[in-house]
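Protein chains in written order, with my numbering: chain F, 1 to 105; chain H, 106 to 270; chain W, 271 to 883; chain B, 884 to 1282.
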């Protein structure tokens, strides 16, 4: 297709799907808590992209506002989550989620 | 032009996303995530979300990820131990599941999305004015609630980060 | 006109005292408790004056309480002449008793609790009286039952008090069960519970010869009434209920609550008049109760027990009245009874108070020297209850008896006999307490003005209350029965005879009573032990129930069936869990993978099982 | 015509701006050294060229020719990436800064600005917010505890001061009700009572002060230069850097200074709008430069030092020439527009830069905890208060 043609909306959505899948992959395959956390952020970003895309489709800014809220929530989540990670590291001296398993037994 | 920009930044985003997953060092992952966010911001601009694009950069890349990098540096988290031991289920099925998931999603998107006009840069602009208008009229209550949420998060973070926990 | 203000005021008092009373000084508690009731009394007066004359029913609708399908139950209050009388009685007598209680409860513990309960009772009682539909009335009905339970068991450190409370509550449950059944039947029959609609519907129905729907409904209502108003066979709780503080006995178990059954029957007069069978049942039950309780009352030694049984018997009179169709007479007697029986109890309370808790009449005597006001007022009350001419009891009781005569003469004769016995036992009590020489060990003393004041007011009312021509006032609602003076005089004469006998036995010739009782020893013991009714109930109802529930319910159903099932389920689930446990690896990443699996399944379902467009 | 083409035009602009900017950065350092030296009663750079005017050139040569050494055990990629990121981000934000009004040269009509972004303010905020990565990465990558501490400090400090900065920026935005720099400047054009410029400075004086202080912190300048506190952590995050990498960090710092001052000028000082009404303001540059030239000439005619005979008259000539150019430009509208705008804009920026340098020469350094406490308990509430008051006023006055 010519490089200055319009881009179908579905491509943005597929891109967001790919990013989401990558986030899931990171969540599943990584052991470092921080990386896992970042994978979650990646998923959130992917969702935001689809929000914005839909908001383009419907020519409404609501999608933007949703993703704005997602950002706010992500910020709060990051603050608390990183604090938790710090605490865990302080007590366990490890960042590997598999080694933080005392609730398991 | 739109397509070109889309391809460039979509490529960057995907590359950085993959990089995030495969890199063993948290800092590398964090920076690739920042890359993803930056390119996503550009795509937002393309989709006419000027405010959300800037917010993406300011909030995500500028605050959240800085926080991540900060923590990584603070804990001086080294590279992940390469002993790749996950539960059998994940080891054997994870990749397949993901592939299936991705395929299904793409299929659904392709089959459901109405064949509307594609995205042309500047065809529609969700101006900051509109966002502000809506945010402070229709979405006022959620907005206030998020403020409460943030307050809670602040308090929680401080409590967690206190010395004697 | 803000009828809602009437019950709400005591309720606010209840909230204030119940929530913060613990930290409040007694003066403040009194102010709140008495003040709230006084305010609502004033408001009642104002309302009634404003509504004067209450020709038609005045209804206030506040909001739709229950709205489901065609069923539409509103929270609405109404005032008609019947309600007006009840309101005056409840708030007026209630106010006096509140004032009295301030003095009586002076030295009791749980002061604020007592007044909180008392206010709560006023609230529920007023709701009951003001209610414009059966459900709201039922709310008040249950509420007063609750308060009666709370107040009977007020001395919760005493075993007998708590058991008495339980007894009152449980026995009432039986009645309430019948009442609720009646409500359901009414709902099914008329599709509504509003008095106006129900009675309008009933107007169109003929007087039932056999047992029809109306008869069933009214009989069930009667069951409820017998429970609340302590009629045979459900009267057993009332004598025990005397375990509560005396103001409670006066307010709840003499003046107001126990008369709720009578009120309810009078309220449902439209239904009852169309069910002659029920009417006869009511009359017979009332008569039997009256006679029976009177006999028991003659033998009791505990002063409060005497008055309790007299209450039962007077309630029987009221039932007789409404049973023979003289609703106005019944209500009339309800009012006068509220006066003199409240007075009797308060007087008894004053005596007990003066004797530091002594209730046995054998430990009294010669109290006239110590407490003249109490004695005088009690004397007035006794005159009134024994139908001494031109006292309030004279008019009301005789209105009933006349109506009974019009219905069936034998009823009248038994009623007269009962009247005689009534006169006998009240004066027996009075003579034993106030004449002769003091046989007790405590140091009797007159009660403070705060207690004697209400006594005197009530004394005036019980003497002059008869001139309030209630039957005439209620004429637009219930057809008035013809007066028949000669019959009235007869019963009054019998009353005087009873008084004379009492004077003879317990004042003039004291030995006579004992020798007499000895001569009829067997009968006396039988009566003295209340015909062993409690024991009979125990053997017939309670024991089998307990035994049955122990063997069948507990061992059989509970242990065997239910536990078995539960354990079986537990075993099963443990078996299943042992398999499912493999998923719960505690490895967060495998969880995530499972989530992905689930979402894939969801996608397949939504996407290809026609979830799309 | 080729000039109308967007790309060509932009390229030309970029070339001009880049050249001017980089030169300015180089000479900014010279100015700083000079000013500080005179504040401290020294002469500062004096040897290279007259009054050390060629010093920056020498510095550049030195830095280029030095060996750019990479310590062992550093994370090579990030070590090299960090200065690049820093300087790139620092220079990026210049792109949305307008230097003057719309002008028309022959057929071409354009703004004196690289890109006209409707959300320029947000853009600047965004770029400055990710500017921290350069410092943090540099500090972390160069495997050195001092550098790491410097990096950590700088990231914490920048996050902390981002808030007051943003809030202080938000206040004038509320007044002007736009995110476009040019609209903001246009809003500030005009005068109260005919002679007081309608700058946001006067209603937003509090916000301006907060902005400046936060700006000091954002650019890691004294008294907030904790990341490179010599006496605690040798040179902070750029301890390990040498030659061009070091120069890149240096440039980044100065570029950030320029950006902050420019933004402050645009937001609070009315951008290129002259402080005096139209006819008078035109003569100010002429008078200024002419005076300077005359003073130089006077000193040149009766010199105190040997070389003054030659240097000062030359300078005088330059100044007078500039004055003449300004004078002539009064008769060429286009030239006048450009020159006036540039004069006032650069003048204000230079004043602010002088304040930066002045503060550096004057104030001691904060302690780290003081720095943080100051940010969270002093500056943040202050800016919040300012924002609230402003919004209240706006809400009450706007209909």
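Glycine is no exception: its CB is placed at the ideal position from the N, C-alpha and C atoms.
Proximity below 8 Å, CB of residue i to CB of residue j
{"i": "residue 918 (chain B)", "j": "residue 1169 (chain B)", "result": "no"}
{"i": "residue 516 (chain W)", "j": "residue 504 (chain W)", "result": "no"}
{"i": "residue 351 (chain W)", "j": "residue 604 (chain W)", "result": "no"}
{"i": "residue 45 (chain F)", "j": "residue 159 (chain H)", "result": "no"}
{"i": "residue 1084 (chain B)", "j": "residue 1151 (chain B)", "result": "yes"}
{"i": "residue 405 (chain W)", "j": "residue 451 (chain W)", "result": "no"}
{"i": "residue 233 (chain H)", "j": "residue 156 (chain H)", "result": "yes"}
{"i": "residue 574 (chain W)", "j": "residue 536 (chain W)", "result": "no"}
{"i": "residue 634 (chain W)", "j": "residue 703 (chain W)", "result": "yes"}
{"i": "residue 368 (chain W)", "j": "residue 303 (chain W)", "result": "yes"}
{"i": "residue 644 (chain W)", "j": "residue 621 (chain W)", "result": "yes"}
{"i": "residue 630 (chain W)", "j": "residue 550 (chain W)", "result": "no"}
{"i": "residue 1068 (chain B)", "j": "residue 1155 (chain B)", "result": "yes"}
Partner residues on chain F for residue i, Cβ-Cβ distance less than 9 Å
{"i": "residue 851 (chain W)", "result": "Correct list: empty, because the minimum Cβ distance to chain F is about 12 Å."}
Identity of the residue in the options nearest residue i by Cα
{"i": "residue 94 (chain F)", "options": "H:117, H:200, H:180", "result": "H:180"}
{"i": "residue 259 (chain H)", "options": "F:30, F:90, F:26, F:76", "result": "F:76"}
{"i": "residue 1135 (chain B)", "options": "B:895, B:976, B:1186", "result": "B:976"}
{"i": "residue 640 (chain W)", "options": "W:596, W:591, W:717, W:629", "result": "W:717"}
{"i": "residue 19 (chain F)", "options": "H:132, H:171, H:151, H:138", "result": "H:138"}
{"i": "residue 67 (chain F)", "options": "H:161, H:229, H:266, H:218", "result": "H:161"}
{"i": "residue 353 (chain W)", "options": "W:316, W:402, W:375", "result": "W:402"}
{"i": "residue 883 (chain B)", "options": "B:1184, B:1057, B:1128", "result": "Coverage of chain B is limited to positions 884 through 1282, which leaves residue 883 (chain B) absent and any answer about it impossible."}
{"i": "residue 714 (chain W)", "options": "W:600, W:625, W:273", "result": "W:625"}
{"i": "residue 1035 (chain B)", "options": "B:972, B:936, B:1121, B:1001", "result": "B:1121"}
{"i": "residue 28 (chain F)", "options": "W:862, W:876, W:878", "result": "W:862"}
Amino acids of chain H, ordered along the chain, whose beta-carbon sits closer than 9 Å to that of residue i
{"i": "residue 53 (chain F)", "result": "148, 152, 224"}
{"i": "residue 1001 (chain B)", "result": "155, 230, 232, 233"}
{"i": "residue 34 (chain F)", "result": "131, 134, 135, 173, 176, 177, 180, 182"}
Within chain W, partners of residue i - CB distance below 7 Å
{"i": "residue 28 (chain F)", "result": "859, 862, 863"}
{"i": "residue 97 (chain F)", "result": "858"}
Contacts that residue i makes with chain W (C-beta to C-beta distance below 8 Å)
{"i": "residue 88 (chain F)", "result": "Correct list: empty, because the minimum Cβ distance to chain W is about 13 Å."}
{"i": "residue 209 (chain H)", "result": "870, 873, 874, 877"}
Interface residues of chain B facing residue i [CB-CB closer than 9 Å]
{"i": "residue 126 (chain H)", "result": "Simply none; closest approach about 18 Å."}
Contact set between residue i and chain F, taken where Cβ atoms lie within less than 8 Å
{"i": "residue 261 (chain H)", "result": "79, 80, 83"}
{"i": "residue 242 (chain H)", "result": "Those within 8 Å of residue 242 (chain H) in chain F number zero; the least Cβ separation is about 11 Å."}
Partner residues on chain H for residue i, Cβ-Cβ distance less than 7 Å
{"i": "residue 14 (chain F)", "result": "211, 214"}
Chain H contact residues for residue i, given Cβ-Cβ distances below 8 Å
{"i": "residue 73 (chain F)", "result": "251, 254"}
{"i": "residue 18 (chain F)", "result": "119, 122, 207"}
Inset, instruction - Could you tell me whether the stretch 1262–1275 of chain B touches the stretch 1042–1051 of chain B, where touching means 3 or more Cβ pairs closer than 8 Å? - result: yes
Legend entry - Meets three-Cβ-pair contact criterion under 8 Å: the stretch 942–958 of chain B and the stretch 1161–1176 of chain B: no
Inset, instruction - Scan the stretch 1006–1064 of chain B and note each continuous alpha helix (DSSP H) run of 4 residues or more that stays entirely inside, going in chain order. - result: 1015–1024, 1028–1059
Inset, instruction - Quick one: which unbroken alpha helix (DSSP H) runs of 4-plus residues sit fully inside the stretch 807–849 of chain W? Chain order, please. - result: With a minimum length of 4 residues, the continuous alpha helix (DSSP H) runs that stay inside the stretch 807–849 of chain W are 813–818.
Inset, instruction - Specify whether the stretch 560–568 of chain W and the stretch 686–702 of chain W touch according to this definition: at least 3 beta carbon pairs, one from each stretch, less than 8 Å apart. - result: yes
Legend entry - Contiguous beta strand (DSSP E) assignments of at least 3 residues, all confined to the stretch 561–609 of chain W: none
Inset, instruction - Could you tell me whether the stretch 57–69 of chain F touches the stretch 900–915 of chain B, using the rule of 3 or more Cβ pairs below 8 Å? - result: Not touching, per the Cβ criterion.
Legend entry - Three CB pairs or more closer than 8 Å across the stretch 856–870 of chain W and the stretch 195–205 of chain H: The answer is yes - the stretch 195–205 of chain H touches the stretch 856–870 of chain W, with three or more Cβ pairs under 8 Å.
Inset, instruction - May I ask you to verify whether the stretch 363–383 of chain W touches the stretch 333–348 of chain W, counting CB pairs closer than 8 Å and requiring at least 3? - result: Three or more Cβ pairs closer than 8 Å define a contact, and the stretch 363–383 of chain W falls short of that threshold against the stretch 333–348 of chain W.
Inset, instruction - Examine the Cβ distances between the stretch 244–261 of chain H and the stretch 271–291 of chain W and report whether three or more of them are shorter than 8 Å. - result: no
Legend entry - Continuous alpha helix (DSSP H) assignments of at least 4 residues falling wholly in the stretch 670–722 of chain W: 679–704
Legend entry - the stretch 1224–1231 of chain B / the stretch 1015–1024 of chain B touching (three or more Cβ pairs under 8 Å): no
Inset, instruction - Check whether the stretch 413–425 of chain W touches the stretch 506–513 of chain W, taking contact to mean three or more Cβ pairs, one atom from each stretch, closer than 8 Å. - result: yes
Inset, instruction - Could you tell me whether the stretch 605–612 of chain W touches the stretch 662–672 of chain W, where touching means 3 or more Cβ pairs closer than 8 Å? - result: yes
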